[in-house]
Amino acid sequence: MSPKLHPIMFAGTGSDVGKSIVAAAFCRIFRQDGYRPAPFKAQNMALNSYATPDGLEIGRAQAVQAEAAGIACHTDMNPLLLKPQSDHRSQVILNGRPIGNKSAYDFWGSEQRGVRTEVCAAFDRLAARYNPIVMEGAGSIAEINLRATDLANLPMARHAHADVILVGDIDRGGVFASVYGSLALQTPEDRRLIKGIIINKFRGDMRLFDEGRRMLEDICGTPVLGVIPYFKDIHIEEEDSVALAQKSFEMQQGKVNVAVVMLQHLSNYTDFDALEQDQRIHLFYTNNVDDILKADIIILPGTKSTLHDLYELRRNGCAQAIVKAHREGAAVLGICGGYQLMGIEVCDPHHVEGDIDRLPGLGLLPVTTTMSGEKVTRQVAFTMPTGHEGTGYEIHMGETRLFGDAESRPLVALHDGRKDGYVVDNKCMGTYVHGILDNAAFVDFLLQPFGDKLCEGGKSFDYAAFKETQYDKLADHVRQHVDMARVYQILNS
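Numbering (the working numbering), first residue to last: 45 to 537.
Written out as structure tokens, the structure reads:
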């Protein structure tokens, strides 16, 4: 049996410094070394979420980390999830279940103590089952004005008796100031918890930072455990959508060009990670009318605000472009909120999403959707039109009603006896199933009308095997540049 290790927390000098990826790497490393690790993030703010095997909801990043650790995800890994609905309000999900839409000021003012108790209890349950717990902080540990309400960083590390590793991003510049300042602003008690520093996203010749590493250790009095080079050849699902609009949108010959419509409230964009790695496909995100009209396949993704995004699609001309592109031969696929957008209309009589009562949809599918306050979250298995089986998950609000013979034309037959979605043909279809594009047989079905565009025909892509390879590559990369012997010494002391 592997010895009991302290929990380890990867805290950050700021947002987007790479905490999630580093935590995923350590989940895989500990698994490779014979331990049974599990990820934990007390509080996550993200529109990317995932359904657990027992039909509850957590942040997608913790589901990815659990996958790297080789275990099923659970709500104890992310007990508090905040899904932004505007600059001031979020849907609050506690222990996998929504408890309402709240402003940050009201939530932390009235409910903070009870939430902290729930979060700590989730950690305790997880720590009793796994070894070690790989914890991820949130944002920066130097937001001292938020210290009293901070659930995810040093207060959580104190509860967990965790060893904290501070992660700094050298690529954005100012790494000396951000690391030193983050440490200097801690209380003496919290400062003692921080046992090491990792510098992330280094570009260039590593030898050029040797002196910088020594200087950082001298001014901080804390060892630099590693300098991890920036990488582009390892593909791990991203937590943040910042880079989506930067993905190339120029059409490519010899591939099927797939446009994901860039909705303002786009959610669960990890639905498209498998397509990004498929060599037959050129995937891009856009809300440009001309780009949409040039695409072979148009995908309407999930959204946290269906009616608002439908209004915006009509305002900016994208709705009309999608309908025109389909009329001229493009395929259209809607997933979750995108499926709702493709229908005849979307109604919100009880103002679940906002103040819009109803809007006409794109009219591509014979369905209508009425928003409701009840959220559906579950993992599903299904049979496709081709007869192949697949898996995915549902996270949605709203009830979709089908007209005419639509009941006899589901996109997939769920193994629990239900039917999901609607298919006109393999150029027009919609579904509530997230992750449907992770199934190679469904992607083959989607690409079938465009086979003549592919160089040498193309081959099916095994996304599950690809992800396993990427986790191993990530672990190898981090091992090479982090002093793991010293990390184990810290966690054992």
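Glycine residues also receive a C-beta, built at the ideal position from the N, C-alpha and C atoms. This one's a predicted model, so the numbers in the text were calculated from it and none came from an experiment.
Residue i, DSSP secondary structure in three states
i, result
"residue 193", "helix"
"residue 274", "coil"
"residue 447", "coil"
"residue 563", "In this structure the chain extends from 45 to 537, so residue 563 is not present and cannot be described."
"residue 378", "strand"
"residue 232", "helix"
"residue 452", "helix"
"residue 472", "strand"
"residue 386", "coil"
"residue 510", "helix"
"residue 95", "strand"
"residue 187", "coil"
"residue 208", "strand"
"residue 100", "coil"
"residue 117", "coil"
"residue 330", "strand"
"residue 505", "coil"
"residue 77", "coil"
"residue 12", "For residue 12 there is no data in the structure shown, the boundaries of the chain being 45 and 537."
"residue 286", "Caution is warranted here: a pLDDT of 48 is assigned to residue 286, below 50, making its placement in the model unreliable, and the coordinate value is therefore given only provisionally. Coil, per DSSP."
"residue 177", "strand"
"residue 161", "helix"
"residue 56", "strand"
"residue 51", "coil"
"residue 239", "strand"
"residue 46", "coil"
"residue 400", "coil"
"residue 343", "strand"
"residue 478", "strand"
Beta-carbon contacts of residue i that lie in its chain and below 8 Å, excluding the five residues immediately before and after
i, result
"residue 416", "394, 396, 441, 442, 443"
"residue 521", "69, 272, 273, 275, 278"
"residue 562", "No statement about residue 562 is possible, as the shown extent of the chain runs from 45 to 537 and does not include it."
"residue 492", "470"
CB contact flag (residue i, residue j, <8 Å)
i, j, result
"residue 387", "residue 405", "yes"
"residue 381", "residue 474", "no"
"residue 159", "residue 146", "no"
"residue 319", "residue 327", "yes"
"residue 325", "residue 348", "no"
"residue 507", "residue 488", "no"
"residue 485", "residue 525", "no"
"residue 196", "residue 87", "yes"
"residue 343", "residue 304", "yes"
"residue 139", "residue 119", "yes"
"residue 223", "residue 250", "no"
"residue 41", "residue 243", "Here the chain has residues from 45 to 537 only, and residue 41 is not among them."
"residue 234", "residue 190", "no"
"residue 375", "residue 336", "no"
"residue 5", "residue 72", "Within the shown structure, residues of the chain are numbered from 45 to 537, placing residue 5 beyond reach of any answer."
"residue 424", "residue 458", "yes"
"residue 52", "residue 163", "no"
"residue 297", "residue 352", "no"
Beta-carbon contacts of residue i that lie in its chain and below 7 Å, excluding the five residues immediately before and after
i, result
"residue 453", "466, 467"
"residue 421", "95, 99, 100, 101, 438, 439"
"residue 510", "321"
"residue 314", "92, 104, 281"
"residue 354", "385, 390, 403, 405"
"residue 62", "211, 213, 244, 245"
"residue 317", "281"
"residue 36", "Outside the modelled stretch of the chain, which goes from 45 to 537, sits residue 36, for which no answer is possible."
"residue 527", "269, 270"
Integer Cβ distance of residue i from residue j, believed to fall under 8 Å
i, j, result
"residue 439", "residue 101", "6 Å"
"residue 220", "residue 260", "6 Å"
"residue 50", "residue 206", "6 Å"
"residue 519", "residue 76", "6 Å"
"residue 306", "residue 330", "6 Å"
"residue 623", "residue 346", "Beyond the ends of the chain as shown, which are 45 and 537, falls residue 623; an answer cannot be given."
Nonlocal neighbours in the same chain, by C-beta distance under 6 Å from residue i, ignoring five residues either side
i, result
"residue 106", "83, 85, 121, 122"
"residue 237", "201, 208"
"residue 89", "126"
"residue 286", "Because the pLDDT at residue 286 is just 48, under 50, the model does not fix this residue reliably, and the value given afterwards should be weighed accordingly. None."
"residue 142", "135, 419"
"residue 537", "none"
"residue 65", "280"
"residue 54", "63, 66, 67, 180, 209, 211"
"residue 480", "436, 486"
"residue 128", "134"
Residue-level contact to chain C via CB, residue i, 8 Å cutoff
i, result
"residue 453", "No chain C appears in the structure shown, which is made up of a single protein chain."
| request: Starting from the N-terminal side, write out each stretch of the alpha helix (DSSP H) that is 4 residues or longer and does not extend beyond the segment 297–327. | output: 317–321
| said: So within the segment 404–433, which uninterrupted beta strand (DSSP E) runs reach at least 3 residues, ignoring any that extend past its ends? | reply: 411–427
| query | Whole beta strand (DSSP E) runs in the segment 118–145 with 3 or more residues, listed along the chain? | reply | 124–128, 133–138
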